[in-house]
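Presented below is the structure to which this report refers.
Chains as they are written, first to last, in the numbering used here: chain Y, 2 to 90; chain W, 367 to 813.
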């Protein structure tokens, strides 16, 4: 399954590492990553891929929601297909 | 995938209120017909609760996996007047209660189809159903009702129009809020997923998933980018935006249908407002260049909007249907409420707008003293616009008992607030009381 993970929040040291670590633990492979600062806001977009049999979407979502609560970041995960549907003819 | 595209999609959902307004499962009840009313109702309950058992779960799953809000999960059934006609029951309130219980059991908020199609004439089931509407809607929470009183092919059933005026008054007497569950149509469509007018048409498959999308905020935002440019650019911009919005409807509908094991029907590519800021059709019209909705030019701007939405959406999905266009309900649109409250928009202008919009006079409150004949007059006018122009029109009007112009009726949630609107006091009583049937217009003889 492919999913897009977006992370927004107050800039601080180690956000990329924290999120990447969590994804590694979930065995989600990062296939694309970009990040930037918009004013003082940290924004990051990741495309991740994982094996459907090993991990279901709800588990990944729960783990990232827990991480969001712990770090004070806003983290969204959405299956990639929706972006393709809207943006590609 | 470019990050710009990802951001755009996320912004459409997060800031511009793009949503799937409704996933509606249409369920045929023809196989539930029984001469024993009690047995028929048991079959209806069983069929609905089995067919749509997973509707809410699947919708919630899609919402969380794809991050797209799915606001309503609903059911539409075969018009009950047809299903119940075989039984010996004298009124159909029990059928409404069965629908209500079935809806509650599977966790959905609205169920449509307590309906009758009487554009040409009433059979006994239609008569009983119409007579049951006030009690049926007053004694249930989730049931929605509709009556089709006219069509381009059949003309207008003036007897039914006259009757519906009284039914609406009677319904308002128990609680004006009940009136929002009843809509009177001309040229009603079979595959409309939007309440209160949704029902499962007789030509439809046994079960089907229809999706209604909405994104007035997205269109408004897209138009902000082309300020000062010609109207051709505006139309083009709306088309492009409608395309993207509709793609989402097609996408979500396909997944929902697949997971529920039910065929996918249509996407209704409508712009339906909510009372939330930035989710208003009236704001789009103002962005096109009107100082306020209701100003001269409003009808033209709305015609352009409606047409561009259809043009953009049609290519984005396999099957377009339902009402597809822009809804202009008063109570459900923050900017419309404002225009009415400040006297910039009146019923007559709204009626003109309905000639080019998706439906008709929708969610409009009138003074409690408005007579049944006046309400029937409103219905007759709207039905005539639909009949002559070969389009769907509808009336959902709320006589605000005990209230007058300057007051308002609260509906709560997405249904918003309707300011009571002034209505012309001269009476159409003699016209309505004539009864009978307005003949079909000459252009109905197309073959």
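From the three backbone atoms N, C-alpha and C, an ideal C-beta is built for every residue, glycine too.
**Message:** Does any residue of chain W have a CB that is nearer than 7 Å to the CB of residue 54 of chain Y?
**Reply:** Against the first chain, residue 54 of chain Y aligns to sequence position 53. Interface flag for residue 54 of chain Y against chain W is unset, since no Cβ pair is found closer than 7 Å.
**Request:** Taking residue 46 of chain Y as the query, report the chain W residues whose CB atoms sit under 7 Å from its CB, ordered along the chain.
**Result:** As a position in the first chain, residue 46 of chain Y is number 45, starting the count at 1. Result: 369, 372.
**Prompt:** For residue 791 of chain W, is the classification buried or exposed, using 16 other Cβ atoms within 10 angstroms of its Cβ as the cut-off for buried?
**Reply:** As a first step, residue 791 of chain W must be located in the second chain, where it is residue number 425. Answer is exposed; the Cβ neighbour count stays below 16.
**Asked** Of the choices W/658, W/435, W/808, W/553, whose alpha-carbon is the least far from that of residue 567 of chain W?
**Response** Counted from its first residue, the second chain places residue 567 of chain W at position 201. The residue with the shortest Cα to Cα distance from residue 567 of chain W is W/553.
**Message:** On the CB-based measure, 16 or more other CB atoms within 10 Å of its CB, does residue 517 of chain W come out buried or exposed?
**Reply:** As a position in the second chain, residue 517 of chain W is number 151, starting the count at 1. Answer is buried; the Cβ neighbour count reaches 16.
**Asked** Which residues in chain Y sit within 9 Å of residue 617 of chain W, going by Cβ to Cβ distance?
**Response** By one-based count along the second chain, residue 617 of chain W stands at place 251. Under the 9 Å cutoff, chain Y gives 82, 83, 85, 86, 87.
**Asked** Which residues in the same chain have their Cβ closer than 6 Å to the Cβ of residue 767 of chain W, if we skip the five residues on either side of it in sequence?
**Response** As a first step, residue 767 of chain W is located in the second chain; it is residue number 401 there, counting from the start. Excluding its 5 nearest sequence neighbours in each direction, residue 767 of chain W has C-beta neighbours in its own chain below 6 Å: 538, 542, 734, listed in chain order.
**Request:** Give every residue of the same chain whose Cβ lies closer than 7 Å to the Cβ of residue 785 of chain W, excluding the five residues on either side of it in the sequence, and list them in chain order.
**Result:** Residue numbering aside, residue 785 of chain W sits at position 419 when the second chain is read from its first letter. The residues are 703, 706, 707, 731, 774.
**Sequence-distant residues of its chain with Cβ nearer than 7 Å to residue 686 of chain W (five each side left out)** = For the purposes of this step, residue 686 of chain W is taken as the residue at position 320 of the second chain. These residues qualify, in order along the chain: 632, 633, 635, 679, 680.
**Request:** Tell me, please, whether the CB atom of residue 391 of chain W is closer than 7 Å to any CB atom in chain Y?
**Result:** Walking along the second chain from the start, residue 391 of chain W turns up at place 25. Judged by the 7 Å Cβ criterion, residue 391 of chain W is not in contact with chain Y.
**Asked** With distances taken from CA atoms, which of Y/84, Y/14, Y/2, Y/19 is nearest residue 76 of chain Y?
**Response** The residue you call residue 76 of chain Y lines up with position 75 of the first chain. The shortest C-alpha separation from residue 76 of chain Y is found at Y/19.
**Asked** For residue 472 of chain W, which of W/423, W/496, W/495 has the nearest alpha-carbon?
**Response** For the purposes of this step, residue 472 of chain W is taken as residue 106 along the second chain, with counting starting at 1. Minimum Cα distance to residue 472 of chain W is reached at W/423.
**Request:** Mark residue 574 of chain W as exposed unless 16 or more other C-beta atoms lie within 10 angstroms of its C-beta, in which case mark it buried.
**Result:** Within the second chain, the letter at position 208 stands for residue 574 of chain W. So residue 574 of chain W counts as buried.
**Asked** Taking the continuous alpha helix (DSSP H) assigned at residue 776 of chain W, which residues delimit it?
**Response** On the second chain, residue 776 of chain W is found 410 positions in, with the first residue counted as 1. Element bounds for residue 776 of chain W: not the alpha helix (DSSP H) but the beta strand (DSSP E), 774 to 776.
**Message:** For residue 480 of chain W and residue 534 of chain W, I'd like the C-alpha separation in whole angstroms.
**Reply:** On the second chain, residue 480 of chain W is found 114 positions in, with the first residue counted as 1. On the second chain, residue 534 of chain W is found 168 positions in, with the first residue counted as 1. Their backbone Cα atoms lie some 15 Å apart in a straight line.
**Item:** Span of the alpha helix (DSSP H) around residue 84 of chain Y
**Value:** Reading the first chain from its first residue, position 83 is the one you call residue 84 of chain Y. For residue 84 of chain Y, the enclosing alpha helix (DSSP H) covers residues 82 to 88.
**Request:** Assign residue 58 of chain Y to one of three DSSP states: helix, strand, or coil.
**Result:** Taking the first chain and counting its residues from 1, one reaches residue 58 of chain Y at position 57. Looking at residue 58 of chain Y - three-state DSSP - the assignment turns out to be helix.
**Request:** With a threshold of 16 other CB atoms inside 10 Å of the CB of residue 800 of chain W, please say whether the residue is buried or exposed.
**Result:** Against the second chain, residue 800 of chain W aligns to sequence position 434. Exposed.
**Asked** So, do the region 433 to 451 of chain W and the region 389 to 406 of chain W have three or more beta carbon pairs nearer to each other than 8 Å?
**Response** yes
**Asked** Anyone know if the C-beta pair for residue 641 of chain W and residue 782 of chain W falls short of 7 Å?
**Response** Along the second chain, read from residue 1 onward, the residue named residue 641 of chain W stands at position 275. Along the second chain, read from residue 1 onward, the residue named residue 782 of chain W stands at position 416. Yes, Cβ-Cβ distance for residue 641 of chain W and residue 782 of chain W is below 7 Å.
**Asked** Taking the beta strand (DSSP E) that residue 765 of chain W falls in, what are its first and last residues?
**Response** In the second chain, counting from the first residue as 1, residue 765 of chain W sits at position 399. It spans 759 to 766 - the beta strand (DSSP E) in which residue 765 of chain W sits, taken as one unbroken run.
**Request:** Take the Cβ of residue 38 of chain Y as the centre, count every other Cβ of all protein chains shown within 10 Å, and call the residue buried at 16 or more, exposed below.
**Result:** Against the first chain, residue 38 of chain Y aligns to sequence position 37. Classification of residue 38 of chain Y: exposed, given that the 10 Å Cβ count is below 16.
**Prompt:** For residue 69 of chain Y, which residues of its own chain have a beta-carbon under 7 Å away from its beta-carbon, when the five flanking residues on both sides are left out?
**Reply:** Against the first chain, residue 69 of chain Y aligns to sequence position 68. Hits under 7 Å: 75, 76.
**Message:** Assuming contact is defined by CB atoms lying nearer than 7 Å, are residue 788 of chain W and residue 763 of chain W in contact in what I supplied?
**Reply:** Residue mapping note: residue 788 of chain W aligns to position 422 of the second chain, counting from 1. Residue mapping note: residue 763 of chain W aligns to position 397 of the second chain, counting from 1. Going by C-beta atoms, residue 788 of chain W is not nearer than 7 Å to residue 763 of chain W.
**Request:** Take the Cβ of residue 584 of chain W as the centre, count every other Cβ of all protein chains shown within 10 Å, and call the residue buried at 16 or more, exposed below.
**Result:** Locating residue 584 of chain W in the second chain gives position 218, where the first residue counts as 1. So residue 584 of chain W counts as buried.
**Prompt:** Applying the criterion that 16 or more other CB atoms from any shown protein chain within 10 Å of the CB defines a buried residue, is residue 794 of chain W buried or exposed?
**Reply:** If you number the second chain from 1, residue 794 of chain W lands on position 428. Buried, by the Cβ-count rule.
**Message:** If I measure Cβ to Cβ from residue 462 of chain W and keep anything under 6 Å in the same chain, skipping five residues before and after, which residues do I get?
**Reply:** Sequence index remark: in the second chain, residue 462 of chain W carries index 96 (1-based). So the qualifying residues of the chain are 480, 502, 506, 509.
**Asked** In chain W, what lies closer than 8 Å to residue 7 of chain Y by C-beta?
**Response** For this step, residue 7 of chain Y is matched to residue 6 along the first chain. The answer, in chain order, is 372, 376.
**Message:** So, with DSSP's three-state summary, where would you put residue 786 of chain W?
**Reply:** The residue given as residue 786 of chain W occupies position 420 in the second chain. Correct three-state label for residue 786 of chain W: strand.
**Prompt:** Per DSSP, residue 421 of chain W forms a beta bridge with which residues?
**Reply:** Within the second chain, the letter at position 55 stands for residue 421 of chain W. DSSP output for residue 421 of chain W lists no bridge partner at all.
**Straight-line gap, residue 4 of chain Y to residue 48 of chain Y (C-alpha atoms, nearest Å)** = Sequence index remark: in the first chain, residue 4 of chain Y carries index 3 (1-based). Sequence index remark: in the first chain, residue 48 of chain Y carries index 47 (1-based). Roughly 6 Å separates the two Cα atoms.
**Nonlocal neighbours in the same chain, by C-beta distance under 7 Å from residue 17 of chain Y, ignoring five residues either side** = Mapped onto the first chain, residue 17 of chain Y falls at position 16. Closer than 7 Å at Cβ, skipping near neighbours: 36, 45.
**Against chain Y: residues of the region 412 to 440 of chain W by CB proximity under 7 Å** = 430, 431, 432, 433, 434
**Message:** So if I threshold CB-CB distances at 8 Å, which residues from the region 7 to 29 of chain Y count as touching chain W?
**Reply:** 7
**Message:** Counting only C-beta atoms, is residue 614 of chain W closer than 7 Å to chain C at any point?
**Reply:** Absent from the structure: chain C. Protein chains present are Y and W.
**Item:** Residues that DSSP places opposite residue 50 of chain Y in a beta bridge
**Value:** Here residue 50 of chain Y is taken as the residue at index 49 of the first chain, counted from 1. Paired residues: Y/3, Y/30.
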